[in-house]
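>
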Amino acid sequence: MIGKKKIIGLCISAVHTGFKSDFVKMLNEEIVRENFKLIVFNSLLSVYDGSIYDSGASSVYNIINYDILDCLIIFDRGLANKQSGSELISKAREKNVPVILINSENEGCFCVSDDYKTSYKNLIRHVIRDHGAKDTFFMGGYRWDPDTLDRLACYKKALGDENINFDDSMVGYGEFKDTTACEEVDRIIRERKKPPEAIFCANDIMAIAVCTKLKKLGYKVPEDVIVTGYDGIEEGKYFIPNITTVRRNIEGEALACANILREIFSGKAEKRIVKIPYKVIYNESCGCPSEEDFSDYRERMAECMRINRDFSSHESYVFAGADKFLMCENLPEMLDALVNYNLGDKSYLCIRSMLFESLNIMYQSNLDIDHSNEYIILSSESKEEFGLMEDDLKMIVPDAEEWLKDETVFVVNSLYVEDYQYGLYFYKTSDIGYMANRVNRMSRALNLSFGTIYTRMIQKGMQMELEQAAFLDPMTQISNLKGLEKWFNEFSGKTESHLSAFAMAIFKLDKYKYIYENYGVGEIEDVAGLIARAFSKNSGRKKFIARISDDEFAVVDYTEDLNDPEEAKNILNEEVKTLLESVESHNPAKYKDYDLELNVGYTIEGKGWDSDLRSVMRLAYGELYLNILHDKRKNYLEDALSEDSKDHYDDLMLVLNKKLLTYHFQPIVDAVTGEIYAYEALMRTSGGVDISPLVLLQAAAKYKKLYELEKMTLFGIMDYYVEHFDKFKGRRLFINSIPGHFLNDEDFKLFTEKYRDYIKYCVFEITEQNSISDGELFKIKTLTVDDMSGQLAVDDYGSGQSNIQNLLRYTPNIVKIDRFLIKDISRDSNKQLFINNIIEFAKLNDMRVVGEGVETEEELKAVTEYGVDYIQGFYTARPKSEPLDELPDEISKQFENSGNDDKKAEKIF
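If you want it as structure tokens, here you go:
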């Protein structure tokens, strides 16, 4: 109750459709006489639709304030039978609010239910008895639709009462649509050679379509065929012949509901079910004189023209408002557009304040949005630009005092994008039928507009995440080398930074290779995470932490107490000692056969420093390696040099001079079909030289032989591919290129001339371990155009080596997700989010995605679910010296049963 007014809440859906607005209007006319007020909570979508947007539309029911309600009416049978309807009833009972159900039944509620069965059977009997139709046919909607089944049961019962046998040939299904109903008429006449004497249609739309179709075929209604409908729609009244039908007795339901309300508030009500029979309307389509009054047809035509004109005018207004809204370039413009995109007085837009805050960030506006309250009210009648909802009363009825004085209905519906409710629309009206359609059009247009804005926000956020990811190490979520460079550029750009000294320490993880090769990526992830957490602990000092390579971390300390060199050394030595102890205290030696040890070197830049990052890092690296060489740290590995620290010059030169390279080929598999799409060529040493490709590359880099190795690899792989082309069966070949060492002009010309006919089968992989020049990129891109038509792939995406800027610069055909992100993806929500964003970005930019390093069945299922196009990894197939023709049966069957057609990453915005 508000003041002395009883407040009635009505939950309904799609009030703008059919007779629902008539019910609201009639109910309000009845209850205002009793000094009651009606608030309508309207879902824009019918609860019968089963739409994926149901939760967004029906979220309007979540704002009901039961404390001010004196009674709750639930109109839709579909709503009352749903979980949301049960929750409404339960919440009302908790607050001792009586509930009236319209066209539904529930123990403990007052019920007003229609009785259509008696009326519909009377219509059918009338056609059989009074018009002598014995050869009849029933045209239902959908075969298993509950309404179709109920009406079919009435038809069978009426036939039985008239001693007419029923068989299945007397039933067809027009799916409640005109086109399907016409097709059904063609089928009936084709099979029966003539139409039946009467066709009972399960709705008026099909009845009108059947009459029209029969007329085209030369049959008269009702002389040759009687046709009846169901629903009593307005069109059937003016159709020639007007349709014999049954319709819901809305007037009777509204009156019955009002009478129950009077009984409830007088204390005389008893919970019961009130049955309201449908009305039977006998008209021309069955051969009866019309019951309709056509004396007002010209007025009705004028009214229809006015409605059509108003619809066109309002549609133009709505579209113009949506266009203006979408063209806004900042938040103040958007607010102004929303304030004016309204229906004048008696209406309010209420938008979530948090959405405005998000838009404020997206448009980089500087508006001070107070989102301490959940919603912000926008109204063209408001003197202020926007106002805040202050309490529960205004949550339901803004400007409630004025509403209590008039006889209008107050209606509220949700504004939503998919299942997210971003706002509410309130309006007061004395003509619900007229206003409901206008609000529906405007709300739908707003939803589409905000849907577009929402999509922009998602894409903007995704782009920001991807751009930010370029500066983060995916394994530890601290900064990578690029992040350190970005931070240092900002740090050095501030004048005050140069007024104090700072220090940089570089820590190197010992035995990294041993841990990786013996325990795998998971162990490296644990170790790196442990180090990152230890370094990131709050010690009260100003510091920046970064993982600058697989086995190296950088710590920059810029606390203001480092200006005295001697004191700074003492401070840093103590800090380094604390950091090392923090890491090494977690040593796994008691259950693993390695010690967790770090080497460290640091340098101090004095007050007034003017060095760039690379210079500072070189000094820190120098200290690091001096400490290693002179054994100043006890954690230096003394027992043996690791393989990658040996001098492999002789091995390298032997490989280059004797061409001791062979190649293995790992299948890249279609993620949907499981068929082999391509192979990645992987080099291996031969002729007694037994070193890994990584060590070979390190030696080539050390002795400046990377170009020779690159040339030998490219030509060697292509020679093998051409010579054994039949073995590859036309499948593509992925070839790695060493950034910064691609073929020179002379060799590039030779390469393209020699392999021109085969380049179209090749995919050239590049990463950003070293910067790739524009000239080198141009050469590689040349292989992908014109008659050569090769393809370009970005390798190791997500490793920190490749980022969104590179994708935009390289515009590759294929993106290969780094194996670190694939590892244990089924158990890591951060990796899932990151991969989902990568795939969405790739799809939006017409790129295909390869998931690398798939080593388990769980990883295979996860990456296929998220929508990668291709799979590569030990789980599907290991590299072989000859190309594998097909996957093993036990692997292929997993693709057959995986159901990959619905891919999570394929979203429509």
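No gaps in the numbering here: position 884 of the sequence shown is 900 in the numbering used here, and each next residue is one more. Cβ atoms here follow ideal geometry from the backbone N, Cα and C, with glycine treated the same way.
1. Just curious, the alpha helix (DSSP H) that Y77 is in, first and last residue?
2. Around the Cβ of I259, are there at least 16 other Cβ atoms within 10 angstroms (buried) or fewer (exposed)?
3. Where does P683 sit, in a helix, a strand or coil, going by DSSP?
4. Within the chosen definition, does the stretch 461 to 473 reach the stretch 22 to 40 through at least 3 CB pairs nearer than 8 Å?
5. Terminal residues of the continuous beta strand (DSSP E) containing G869?
6. Note down the Cα distance separating Y443 from Y364, rounded to an integer number of angstroms.
7. Distance check for L808 and S789, CA to CA, integer angstroms please.
8. Where H757 and G638 are concerned, what is the direct C-alpha to C-alpha distance, given to the nearest angstrom?
9. So, is V801 buried or exposed, given that buried needs 16 or more other C-beta atoms within 10 angstroms?
10. Thinking C-beta only, is A544 closer than 7 Å to S495?
11. Figure out for me which residue from D247, Y254 and A270 has the closest Cα to the Cα of T261.
12. Out of G622, V831, P305 and I242, which has the shortest C-alpha to C-alpha gap to E576?
13. Could you check whether the stretch 680 to 698 touches the stretch 880 to 890, counting it as contact only if at least three pairs of C-beta atoms, one from each stretch, sit closer than 8 Å?
14. Distance, Cα to Cα, G869 vs L903?
15. Taking the continuous beta strand (DSSP E) assigned at Y438, which residues delimit it?
16. Are there 16 or more other CB atoms within 10 angstroms of the CB of C320, so buried, or fewer, so exposed?
17. Please report the Cβ distance between I249 and D220, rounded to the nearest whole angstrom; I am assuming they are in contact, meaning their Cβ atoms lie under 8 Å.
18. Please list the terminal residues of the continuous alpha helix (DSSP H) segment that includes C27.
19. By the 10 Å Cβ neighbour count, where 16 or more other Cβ atoms means buried, how is E591 classified, buried or exposed?
20. Where V779 and M699 are concerned, what is the direct C-alpha to C-alpha distance, given to the nearest angstrom?
21. For L139 and I224, what's the separation of their Cα atoms in angstroms?
22. Below 8 Å on the Cβ atoms is my contact criterion, and I expect A485 with F850 to pass it. Report the Cβ-Cβ distance as a whole number of Å.
23. State the Cα-Cα distance for the pair I180 and D435, rounded to the nearest angstrom.
24. When you compare the stretch 699 to 711 with the stretch 664 to 681, are there three or more beta-carbon pairs, one atom per stretch, that lie closer than 8 Å?
25. In whole angstroms, give me the CA-to-CA distance for I105 and D177.
26. For G264, which three-state DSSP category applies?
27. Rounded to the nearest angstrom, how far is the Cβ of G806 from that of I775, given a contact under 8 Å?
28. Just reading off the alpha helix (DSSP H) that E315 is part of, what are its end residues?
29. For the beta strand (DSSP E) that contains Q807, what are its first and last residues?
30. Within this structure, are the beta carbons of V143 and C302 separated by less than 7 Å?
31. For T827, which three-state DSSP category applies?
32. Span of the alpha helix (DSSP H) holding F523?
33. Using beta-carbon positions only, say whether V128 and E269 come within less than 7 Å of one another.
34. Tell me, please, which residues DSSP counts as bridged to E621.
35. Between the Cα of E207 and those of G188, R264 and L823, spot the shortest distance and give me the residue it belongs to.
36. Can you list, in chain order, the residues of its chain with a C-beta nearer than 6 Å to that of I448? Leave out the 5 residues immediately preceding and following it.
Looking at the coordinates:
1. Where Y77 is concerned, there is no enclosing alpha helix (DSSP H), given that its DSSP letter is neither H nor E.
2. buried
3. strand
4. no
5. First-last for G869: undefined, no H or E at that position.
6. 6 Å
7. 16 Å
8. 27 Å
9. exposed
10. no
11. D247
12. G622
13. yes
14. 16 Å
15. Y436 to T445
16. exposed
17. 5 Å
18. C27 -> not in any alpha helix (DSSP H); beta strand (DSSP E) instead, spanning K22 to S29.
19. buried
20. 16 Å
21. 17 Å
22. 7 Å
23. 51 Å
24. yes
25. 40 Å
26. A small fix is needed here, since residue 264 is Arg in this sequence, not Gly. The answer is coil: DSSP assigns R264 none of H, G, I, E or B.
27. 5 Å
28. Y313 to L342
29. Q807 to Y813
30. yes
31. coil
32. No alpha helix (DSSP H) contains F523, which is instead part of the beta strand (DSSP E) from F518 to L525.
33. yes
34. F518
35. G188
36. S37, V40, K41 and V425
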